[in-house]
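In the UniProt record's numbering, the protein residues as written are 1 to 747.
Next comes the structure, spelled out in structure tokens:
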């Protein structure tokens, strides 16, 4: 996470808490301690000591532990991190008191924020614009979904819900009670055997009936007639859990049929349904034994024990999925953990592997298309890579390139299967690389594409993903650096935005100074464009193949306002500054260069990067302009050589101040140009020679820009305000001296 993004999030959190604490202190602490951002951190398990401490401090410990176990059973993401936060709050008395006070005040006075002041208007405007943009995005998505030519919608009815009597599970519409008819103990075993065999198929018996469910996914319980003998009753109670397991499994198969449940659940349902067929065949075989008179309760208990273990595994899997409402990658994670936790006979391990291999087929097919083609075919939103594109890239505004790489494809950590956790970033990058390569009209020459199939041991699919990643990274890097001359583009940007092309800067100032001294609203942008083109043709920049991509632009705000808005420093001075909307800017204060960059180079030199270079340009350009003005004052002051000693003495302080100002501005420009820009550029070139993928290029380029902004003192509001004040004083002095030079008093 970049320093600016972290700073912005901390400022937002402090604002929500209503605190006046300095954000820099918290940002520094977070950077030192480190922030867990890996997908594995999301599933971190809470320590038992933390749970015990929280339960001890809770008003009702039993209720707290019950709620924790419930969330744990549902496999809730971030539960471990949430418990850690609760423990930190519980151990900090001051923080706990503050949060309790905030909660009570908001409860007692819910309308305390109803009064709107003028200071709230910018935030309200920002929230309204954000809501409008999000609403427009949703509307565009809906329109695209409607207009897209797709297959006809297939409406699937839940027949079990419409016709509950066709269920393979117990039908409990009526409150059925066990038969109270007294049967001799000797004759009870045969009747109980039929009742148990019925219950194993989801049908109520005569002396054993199922009780209504307390919740949709509760464990099925049974009511046994009190007339049943104690020894028989104990034996029946040992066997009936198998019927409970079957009930839960049958409910899963019958209810997980809607499209919202996803393809993974559908595939798992199909595998379990095949297993239930074998289970029902086993029950039929038991019935045949009973018909032949060869079955008793002891034999039945012996026969069902292996099946009971297998059905208990299915019960654990299906109940956990249903309670957690899991789908997609989360289902695969549960199955993978179940396979790892199985101990005992190998056939039960094979059962779990059969389930996960069958359930993973649709997920691995989506993964295969993504890592081999950069295409997401995920109709039920189960894959952990999410495509956020609303319309085609060609129809989007230019600012889209700034967010394309980070926001077009995003990762949903809660959807990542646990066996792909360590490779999630590689998978994300691989698909993104292939997607960009495809949009550039290029193809990757593959040999035989190895199908991706889940394997508990060996994991050949990981090696296939790594090979695809290497091929995609190499191809895209070649497209950017060699075919689209990325380094040539960056050198061109450096020449213009960082004033590395010295003769061009002089030519441009000579031609445009008079125009830029006007009010920005009196300047014709096409005239500036013509003068810029002349300056380019008259300087050594004429040999630059990308010079025609440089354009002039006038921004309606100055550099200080721009930096304050980016840093979001909510100080009293900034709030006052934000309301200075009536400030009139000159062309020099508003002028920046713009740069047209085509796809795919716009992934690197995007709108955010251009904005960063523009801020640096405004800083450097204004320093050069002040230096030019001070040098002009120095030239005009040469007339003082003709003054007598006594007359020249009266101007000495002004001339001394001019020289100190000139030295200050020249030293500032030297520091930024020679001690900041050039060393960081050389470091950047060295790092670029070692990059292996586009993400490394983005990271190295971002580090370069961050270093420029920080070391040029643009990210520190106090230093930036000081430099702005010095610049304003220098301009005011130059204006005064130019007026005075026309009226020198010579005695």
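Beta carbons: idealized from backbone N, C-alpha and C, even for Gly.
**Request:** Under 8 Å by Cβ, that's how I've got residue 587 and residue 678 pegged, so tell me the actual separation to the nearest angstrom.
**Result:** Rounded, the Cβ-Cβ distance is 29 Å, inconsistent with contact.
**Message:** Under DSSP, the beta strand (DSSP E) around residue 636 begins and ends at which residues?
**Reply:** From DSSP, residue 636 is part of no beta strand (DSSP E) but of the alpha helix (DSSP H) over 607 to 636.
**Request:** Could you tell me if residue 364 is buried or exposed, where buried requires 16 or more neighbouring beta carbons within 10 angstroms of its beta carbon?
**Result:** By the neighbour-count rule (16 or more Cβ atoms within 10 Å), residue 364 is buried.
**Message:** Can you check which of these residues, 502, 525 and 500, is closest to residue 512 by C-alpha distance?
**Reply:** Comparing Cα-Cα distances from residue 512 to each of 502, 525 and 500, the minimum goes to 525.
**Prompt:** Fully enclosed by the stretch 258 to 326, which alpha helix (DSSP H) runs are 4 residues long or longer?
**Reply:** Counting whole runs of 4 or more residues, the stretch 258 to 326 contains the alpha helix (DSSP H) stretches 262 to 291 and 297 to 324.
**Asked** To the nearest angstrom, how far is it from the Cα of residue 212 to the Cα of residue 52?
**Response** A straight-line Cα-Cα distance of about 35 Å links residue 212 and residue 52.
**Asked** By how many angstroms is the C-alpha of residue 723 removed from the C-alpha of residue 398?
**Response** Confidence at residue 398 is low in this model, with a pLDDT of 48, below 50, so the placement of that residue should be treated as unreliable; the coordinate-derived value is given next. Straight-line measurement puts the Cα of residue 723 at about 33 Å from the Cα of residue 398.
**Prompt:** Using the rule of at least 16 other Cβ atoms within 10 Å of the residue's Cβ for burial, across every protein chain shown, is residue 622 buried or exposed?
**Reply:** It counts as buried.
**Prompt:** Short check: CB of residue 700 to CB of residue 687, under 8 Å?
**Reply:** Residue 687 is positioned such that its CB atom lies closer than 8 Å to that of residue 700.
**Asked** Would you report the Cα separation of residue 558 and residue 618, rounded to the nearest angstrom?
**Response** Rounded to whole angstroms, the separation of the alpha carbons of residue 618 and residue 558 is 9 Å.
**Same chain, Cβ closer than 8 Å to residue 313, five either side skipped, listed in chain order** = Once the five neighbours on either side are set aside, the close Cβ partners of residue 313 are 338, 342, 348, 351 and 352.
**Request:** Mind the definition here: the stretch 288 to 297 touches the stretch 307 to 325 only if three or more C-beta pairs lie below 8 Å; say whether that holds.
**Result:** Short answer: they don't touch.
**Prompt:** Ordered along the chain, which non-local residues of its own chain (more than five positions away) have a Cβ less than 8 Å from that of residue 358?
**Reply:** Sequence-distant partners of residue 358 (beyond 5 residues in either direction) whose C-beta falls short of 8 Å from its own C-beta, in its chain, are 267, 268, 270 and 271.
**Prompt:** Could you give the distance in angstroms between the alpha-carbon of residue 195 and the alpha-carbon of residue 215?
**Reply:** About 25 Å.
**Item:** Alpha-carbon spacing of residue 710 relative to residue 534, whole angstroms
**Value:** Our two residues, residue 710 and residue 534, have alpha carbons roughly 34 Å apart in a direct line.
**Asked** Going by Cα to Cα distance, which pick from 247, 234, 740 and 597 is closest to residue 318?
**Response** It is 247.
**Assigned secondary structure, residue 496 (DSSP; H/G/I helix, E/B strand, else coil)** = DSSP places residue 496 in helix when its eight states are reduced to three.
**Alpha-carbon spacing of residue 548 relative to residue 81, whole angstroms** = Take the alpha-carbon of residue 548 and the one of residue 81: they are about 53 Å apart.
**Request:** Kindly indicate which three-state DSSP category residue 753 falls into: helix, strand or coil?
**Result:** Coverage of the chain is limited to positions 1 through 747, which leaves residue 753 absent and any answer about it impossible.
**Request:** Just grab the DSSP bridge partners of residue 550 for me.
**Result:** For residue 550, which the question treats as bridged, DSSP gives the partners 595.
**Where residue 437 sits in the DSSP three-state scheme** = In the three-state reduction of the DSSP assignment, residue 437 falls in the helix class, which pools H, G and I.
**Asked** Do you know offhand how far residue 55's Cα is from residue 468's?
**Response** In this structure, the alpha-carbon of residue 55 lies about 49 Å from that of residue 468.
**Item:** Sequence-distant residues of its chain with Cβ nearer than 6 Å to residue 544 (five each side left out)
**Value:** These residues qualify, in order along the chain: 492.
**Asked** Based on the DSSP secondary-structure assignment, which residues constitute the bridge partners of residue 387?
**Response** Beta-bridge pairing by DSSP links residue 387 to 409.
**Message:** Using 8 Å as the threshold, is the C-beta distance between residue 371 and residue 409 below it?
**Reply:** Taking a C-beta distance under 8 Å as the contact criterion, residue 371 and residue 409 do not qualify as a contact pair.
**Asked** Within this structure, are the beta carbons of residue 541 and residue 593 separated by less than 8 Å?
**Response** No, the pair does not count as a contact, with Cβ atoms beyond the cut-off.
**Prompt:** Going by beta carbon distance, what residues of the same chain come within less than 7 Å of residue 666, once the five residues before and after it are set aside?
**Reply:** Excluding sequence neighbours, residue 666 sits near 627.
**Prompt:** Taking all protein chains shown into account, do 16 or more other C-beta atoms lie within 10 angstroms of the C-beta of residue 424, making it buried, or fewer, making it exposed?
**Reply:** Looking at its Cβ environment, which holds 16 or more other Cβ atoms inside 10 Å, residue 424 is buried.
**Prompt:** Between residue 239 and residue 304, is the Cβ-Cβ spacing less than 8 Å?
**Reply:** Judged by their CB atoms, residue 239 and residue 304 are nearer to each other than the 8 Å cut-off.
**Message:** Checking 8 Å against the spacing of the C-beta atoms, do residue 552 and residue 532 come in under that value?
**Reply:** The answer is yes: Cβ separation under 8 Å.
**Rounded C-alpha distance that separates residue 244 from residue 87** = Roughly 38 Å between the two C-alpha positions.
**Asked** Quick one, which of 478, 563 and 539 has its alpha-carbon nearest residue 691's?
**Response** 478 is the residue among 478, 563 and 539 whose C-alpha sits nearest the C-alpha of residue 691.
**Cα-Cα separation, residue 380 to residue 259** = Here the alpha carbon of residue 380 sits roughly 7 Å from the alpha carbon of residue 259.
**Assigned exposure category for residue 188 - 16 Cβ within 10 Å defines buried** = Residue environment analysis places residue 188 among the buried positions, since at least 16 neighbouring C-beta atoms fall within 10 angstroms of its C-beta.
**Prompt:** In terms of residues, what are the limits of the alpha helix (DSSP H) holding residue 20?
**Reply:** Per DSSP, residue 20 is not a residue of any alpha helix (DSSP H), being assigned neither H nor E.
**Item:** Bridge-paired residues (DSSP) for residue 209
**Value:** In the DSSP assignment, residue 209 forms a beta bridge with 223.
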